[in-house]
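Numbering (this note's numbering), first residue to last: 1 to 434.
In what follows, a single structure is set out as structure tokens and then discussed.
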């Protein structure tokens, strides 16, 4: 399959506000996997491999080749089973085996969508340009979405082609170092030869269901009640944690909440609210004042019903630890890193920004929440940002822009906007509502 002419992929930019990315609980209609996946090292002598990653808006990005494709950028996602290609450009060429059409569903308010389903594919993950070293997965299922529901490229400001799931990852012990931005893939027996090293970590039991990892967390709520929730460990989510009050009768909304478009799932937009709880316990670790997302019932009902969970944890929580995940034992090992005491933040401006064309240094207002600081300052959806706090935005990354919008409450953010050829200067004061 080559580009849009042969795949029929819809390149229209998806219209949504991405605060988090939640891609999980995919339900595949009308097929079963054709072969058992296998994975190992490209070099027969290897017992481990260090894979550097990029991180953008709390998502882990790695370099991938599918069959004979050129290198592409994918999100590493423990929240899904298979590899999903979400978008291809006219320059992207991927040869796939035995392609047929299926319907798939996931989080969101909408209907299932069409996808191309392919079996017995080979996938490589590597840090080298020639892909002669690294990770090799074989007999893998791959899906290509017929409709680009995520627009990862526009939301992250760089080319991103899809998501790599547990079909490859589950064969290894994974060691995540969020400080140095590396993932070490280990053969299980080789990792546990380092017993002295692992003894410094807190062990947390996890459960594997449908090839995906789950753990139990204890939420300490505003009314001093505690509730134990079962959550998917989802590196394809940029948030800290989301839980569904409809999946557990003891989950309660905080008194201070703000409506939010939480993200995008395979089945459409995910709406709900953000709020804070006093703390949560993950093993022995106490994480104070986390921002918790509460999706509405329609967005998550099918998923929580199908896999019997109450929510998910994402990289805003995981990045605070050095993390080891063993999917065979199964267990997760945690040791706090330098990010452990970072405050949990959120966008205090009420505006979201996209970079619709990754090769063009153009940043545009995607949405504005009614009554937010951005709305009160007169910012409109569709405005092009020219300057932010006196700096031309062409000198800023999308991550840097979002970091400013997540800044301290009371801080003033100055924008120069281009609206239909007219330059407009606005000031908005960031406001903490939760």
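Here a beta-carbon is modelled for each residue, glycine too, at the ideal position from N, C-alpha and C.
Nearest-angstrom Cα separation, counted from residue j out to residue i
i           : j           : result
residue 334 : residue 170 : 18 Å
residue 23  : residue 224 : Because the pLDDT at residue 23 is just 40, under 50, the model does not fix this residue reliably, and the value given afterwards should be weighed accordingly. So the alpha carbons of these two residues sit roughly 31 Å apart.
residue 319 : residue 340 : 8 Å
residue 325 : residue 386 : 43 Å
residue 436 : residue 249 : In the structure as shown, the chain starts at 1 and stops at 434, and residue 436 therefore has no counterpart that could be examined.
residue 376 : residue 313 : 33 Å
residue 237 : residue 416 : 31 Å
residue 280 : residue 317 : 11 Å
residue 435 : residue 210 : Shown here, the chain extends from 1 to 434; a query on residue 435 therefore has no answer.
residue 134 : residue 362 : 35 Å
residue 411 : residue 372 : 14 Å
residue 275 : residue 296 : 13 Å
residue 91  : residue 188 : 38 Å
residue 138 : residue 84  : 15 Å
residue 331 : residue 62  : 24 Å
residue 432 : residue 167 : 41 Å
residue 342 : residue 129 : 35 Å
residue 231 : residue 72  : 30 Å
residue 336 : residue 182 : 16 Å
residue 407 : residue 399 : 12 Å
residue 218 : residue 50  : 33 Å
residue 30  : residue 251 : Bear in mind that a pLDDT of 40 at residue 30, under 50, signals an unreliable position, so the model cannot answer this.
residue 200 : residue 127 : 29 Å
residue 384 : residue 370 : 19 Å
residue 359 : residue 46  : 37 Å
residue 88  : residue 239 : 26 Å
residue 191 : residue 308 : 31 Å
residue 247 : residue 285 : 24 Å
residue 220 : residue 434 : 16 Å
residue 396 : residue 159 : 17 Å
residue 172 : residue 55  : 21 Å
residue 271 : residue 59  : 20 Å
residue 243 : residue 193 : 37 Å
Proximity below 8 Å, CB of residue i to CB of residue j
i           : j           : result
residue 241 : residue 165 : no
residue 74  : residue 64  : yes
residue 273 : residue 287 : no
residue 311 : residue 426 : no
residue 283 : residue 202 : yes
residue 226 : residue 156 : no
residue 222 : residue 278 : yes
residue 142 : residue 118 : yes
residue 353 : residue 368 : no
residue 215 : residue 198 : no
residue 206 : residue 213 : yes
residue 346 : residue 394 : no
residue 235 : residue 315 : yes
residue 163 : residue 77  : yes
residue 176 : residue 323 : yes
residue 448 : residue 82  : This structure cannot settle anything about residue 448, because the visible part of the chain is limited to 1 through 434.
Residue i, buried or exposed, once every other Cβ within 10 Å from all chains shown has been counted against 16
i           : result
residue 70  : exposed
residue 349 : buried
residue 430 : buried
residue 338 : exposed
residue 17  : Note that residue 17 has pLDDT 27, beneath the 50 cutoff, so the model's placement of it is unreliable and no number is given.
residue 180 : exposed
residue 357 : exposed
residue 148 : buried
residue 255 : exposed
residue 421 : exposed
residue 100 : exposed
residue 428 : buried
CB-CB length for residue i against residue j, believed under 8 Å
i           : j           : result
residue 86  : residue 152 : 6 Å
residue 414 : residue 390 : 7 Å
residue 185 : residue 37  : Between residue 37 and residue 185 the Cβ distance is about 15 Å, and since that is not below 8 Å, they are no contact.
residue 124 : residue 174 : Residue 124 to residue 174, Cβ: 17 Å. No contact.
residue 374 : residue 351 : 4 Å
residue 321 : residue 208 : About 20 Å; that fails the 8 Å criterion.
residue 365 : residue 388 : About 12 Å separates the two Cβ atoms, so there is no contact after all.
residue 95  : residue 68  : 6 Å
residue 261 : residue 294 : Not confirmed; about 13 Å, so no contact.
residue 344 : residue 418 : With a Cβ gap of about 33 Å, residue 344 and residue 418 do not count as contacting.
residue 40  : residue 136 : 6 Å
residue 144 : residue 178 : Actually they do not touch by this definition, with Cβ atoms about 30 Å apart.
residue 154 : residue 423 : Their Cβ separation, rounded to whole angstroms, is 24 Å, which puts residue 154 and residue 423 out of contact at 8 Å.
The ligand COA heavy atom lying under 7 Å from the CB of residue i
i          : result
residue 66 : Because no ligand of any kind appears in the structure shown, any question about the ligand COA cannot be addressed here.
Cutoff 8 Å: residue i Cβ touching any chain D Cβ
i           : result
residue 154 : Here chain D cannot be found, since the structure has a single protein chain.
In chain order, what are the residue ranges of uninterrupted alpha helix (DSSP H) at least 4 long that sit wholly in the region 354-427?
Listed in chain order, the complete alpha helix (DSSP H) runs (minimum 4 residues) inside the region 354-427 are 373-376 and 398-405.
Give the list of continuous beta strand (DSSP E) stretches no shorter than 3 residues that lie fully inside the region 174-225.
Runs found: 182-186, 202-205, 207-209 and 212-220.
Counting only runs that start and end within the region 97-132, where is the beta strand (DSSP E) found for 3 or more residues in a row?
100-105 and 113-125
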